[in-house]
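In the UniProt record's numbering, the protein residues as written are 1 to 84.
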């Protein structure tokens, strides 16, 4: 999945923020939007870690890096919140 496709998925989450939509990628990550927390959530299912991001662009880059197994430091961002 390329970055443009991921950004499109995120845009759809924003457009339908009143709905409960969750995308699953590579059978390892889920992507959703929490209206209550006003943030995007990426869940690493294997490690049971939730990353939260406020900005769509940051979310897209983080998810792209996770899906493509890029180094962890690339997707850690000051606006993310990790829940273990």
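Every residue, glycine too, gets a C-beta built ideally from N, C-alpha and C.
Between the CA atoms of residue 27 and residue 15 - distance to the nearest angstrom: Against the chain shown, residue 15 aligns to sequence position 15. Against the chain shown, residue 27 aligns to sequence position 27. For residue 15 and residue 27, the distance between alpha carbons rounds to 24 Å.
Burial state of residue 41, where buried means 16 or more other Cβ atoms lie within 10 Å: Numbered from 1 along the chain shown, position 41 holds the residue referred to as residue 41. Residue 41 is buried by the Cβ-count criterion.
Which of helix, strand or coil DSSP assigns to residue 8: In the chain shown, residue 8 corresponds to position 8, counting from 1. Three-state DSSP puts residue 8 in a helix.
Opposing strand residues paired with residue 58 [DSSP bridges]: Counting from 1 along the chain shown, the entry for residue 58 is found at position 58. For residue 58, which the question treats as bridged, DSSP gives no partner whatsoever.
Top-ranked residue by Cα proximity to residue 51, from 20, 43 and 29: Along the chain shown, one-based indexing puts residue 51 at 51. Looking at the Cα atoms, 43 is the closest of the given residues.
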